[in-house]
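K.L.:
If you scroll down you'll find the structure; I have some questions about it.
Residue numbers (the numbering used here): 16 to 224.
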């Protein structure tokens, strides 16, 4: 899968291992999610378009590159995806933020949309969709579907941990998007949880059960 990039940087892998630990508390977990998102964002945004602008240095005037166009849209899948937003905004503070709300049917595990608000005009932006966990792939596929229906074209999906099943499903449904993953785990269990995983990312970010 050429469009799938596994970011095996030692810092990312180290921080993911701390995330997995059941004894890692809410505050540290939340900070780690942001830090990993920032490290992943550094790689995922490597191809942002640049244009030369005129800048006056203390020495002389020069032409120097800055991010071009309408820049970036970060679109977290609620609610766990919110935990990754600030990490990306630390890199690109001018980015706009949209939101997609999905809930998963407890029987079928299929996603249903309850909220979708995207920056306008979405078609001119590079769009980074965030969700810490790519499990069945249902929510990811649905989120990218919604963005494309609204006119989004250049889409990147960023997930900290992925199951092979979800990765394959997202790739098959949307082979045109770039998928950035921190680690590919072993499998999904019968409850559609990633193994070994890190539990429920939303609960651990927000301190809920």
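Ideal Cβ positions, reconstructed from N, Cα and C, are used throughout, including at glycine. These numbers were taken from a predicted model, which means no experiment stands behind them.
(1) Give me whichever residues DSSP pairs with residue 67 in a beta bridge.
(2) What's the C-alpha gap between residue 217 and residue 64?
(3) In three-state DSSP terms, what is residue 174?
(4) Any chance you could list the beta strand (DSSP E) runs of at least 3 consecutive residues sitting entirely within the segment 130–203, in chain order?
(5) Looking only at DSSP bridge pairs, what is residue 118 linked to?
(6) Output yes or no for whether 8 Å exceeds the beta carbon distance between residue 102 and residue 56.
(7) So, for residue 161: in the same chain, excluding its five sequence neighbours on each side, which residues have a beta-carbon less than 7 Å away from its beta-carbon?
(8) Below 8 Å on the Cβ atoms is my guess for residue 110 versus residue 86; work out the distance and round it to an integer in Å.
(9) In terms of DSSP beta bridges, what is residue 111 paired with?
(10) Can you list, in chain order, the residues of its chain with a C-beta nearer than 7 Å to that of residue 106? Leave out the 5 residues immediately preceding and following it.
(11) May I have the straight-line CA-CA distance separating residue 135 from residue 165, to the nearest angstrom?
(12) Would you list the residues sitting across from residue 209 in a DSSP beta bridge?
(13) Using the C-alpha atoms, what's the distance from residue 140 back to residue 79?
(14) CB-CB under 6 Å to residue 180, same chain, minus the five flanking residues each way: which ones, in chain order?
(15) Would residue 92 and residue 154 be called neighbours here (beta carbons separated by less than 8 Å)?
(16) Do you know offhand how far residue 208's Cα is from residue 214's?
(17) Applying the 10 Å Cβ sphere with the 16-neighbour rule, what's the burial state of residue 37?
(18) Looking at the structure shown, is residue 20 part of a helix, part of a strand, or coil, going by DSSP?
(19) So which of 150, 35 and 176 has the shortest CA-CA distance to residue 125?
(20) Can you say whether residue 222 is buried or exposed, counting buried as having 16 or more other CB atoms within 10 angstroms of its CB?
(21) Do residue 144 and residue 170 have their beta-carbon atoms positioned less than 8 Å apart in this structure?
(22) Per DSSP, which residues does residue 93 bridge with? Please list them.
P.N.:
With the given structure in hand:
(1) Position 52 of the chain shown, counted from the first residue, corresponds to residue 67. Answer is 80, bridged to residue 67.
(2) Along the chain shown, one-based indexing puts residue 217 at 202. Along the chain shown, one-based indexing puts residue 64 at 49. Distance between the alpha carbons of residue 217 and residue 64: 33 Å.
(3) Position 159 of the chain shown, counted from the first residue, corresponds to residue 174. Of the three classes helix, strand and coil, the one that applies to residue 174 here is strand, per DSSP.
(4) 141–145, 169–177 and 193–199
(5) Position 103 of the chain shown, counting from 1, holds the residue named residue 118. DSSP, once it has assigned bridges, lists 127 as partnering residue 118.
(6) One-based indexing of the chain shown puts residue 102 at position 87. One-based indexing of the chain shown puts residue 56 at position 41. Yes, the Cβ-Cβ distance between residue 102 and residue 56 is below 8 Å.
(7) In the chain shown, counting from the first residue as 1, residue 161 sits at position 146. Result list for residue 161: 115, 128 and 131, in chain order.
(8) As a working mapping, residue 110 is identified with position 95 in the chain shown. As a working mapping, residue 86 is identified with position 71 in the chain shown. Sure, about 6 Å apart at Cβ, within 8 Å.
(9) As a working note, residue 111 is residue 96 in the chain shown. Answer by DSSP bridge pairing, in chain order: 88.
(10) Within the chain shown, numbered from 1, the residue matching residue 106 stands at position 91. So the list reads 53, 56, 57 and 60, once near-sequence residues are dropped.
(11) For this step, residue 135 is matched to residue 120 along the chain shown. For this step, residue 165 is matched to residue 150 along the chain shown. If I take the Cα positions, the gap works out to 10 Å.
(12) Counted from its first residue, the chain shown places residue 209 at position 194. Answer is 203.
(13) The sequence position of residue 79 within the chain shown is 64, counting from 1. The sequence position of residue 140 within the chain shown is 125, counting from 1. Using only the alpha carbons, I get a separation of about 22 Å.
(14) As a first step, residue 180 must be located in the chain shown, where it is residue number 165. Counting only Cβ-Cβ distances below 6 Å, and skipping sequence neighbours, we find 203.
(15) Indexing the chain shown from 1 puts residue 92 at position 77. Indexing the chain shown from 1 puts residue 154 at position 139. For residue 92 and residue 154, yes; Cβs fall inside 8 Å.
(16) Your numbering for residue 208 matches position 193 in the chain shown. Your numbering for residue 214 matches position 199 in the chain shown. Those two C-alpha atoms are separated by around 7 Å.
(17) Position 22 of the chain shown, counted from the start, is the residue given in the question as residue 37. The residue in question, residue 37, is exposed, as its Cβ has fewer than 16 Cβ neighbours within 10 Å.
(18) As a first step, residue 20 must be located in the chain shown, where it is residue number 5. In the structure shown, residue 20 sits in a strand (DSSP, three-state: E or B).
(19) Residue 125 sits at position 110 when you count from the first residue of the chain shown. The shortest Cα separation from residue 125 among 150, 35 and 176 belongs to 150.
(20) If you number the chain shown from 1, residue 222 lands on position 207. With fewer than 16 other Cβ atoms within 10 Å, it is exposed.
(21) For the purposes of this step, residue 170 is taken as residue 155 along the chain shown, with counting starting at 1. For the purposes of this step, residue 144 is taken as residue 129 along the chain shown, with counting starting at 1. Yes. Within cutoff.
(22) Residue 93 sits at position 78 when you count from the first residue of the chain shown. According to DSSP, which records beta bridges pairwise, residue 93 is partnered with 116.
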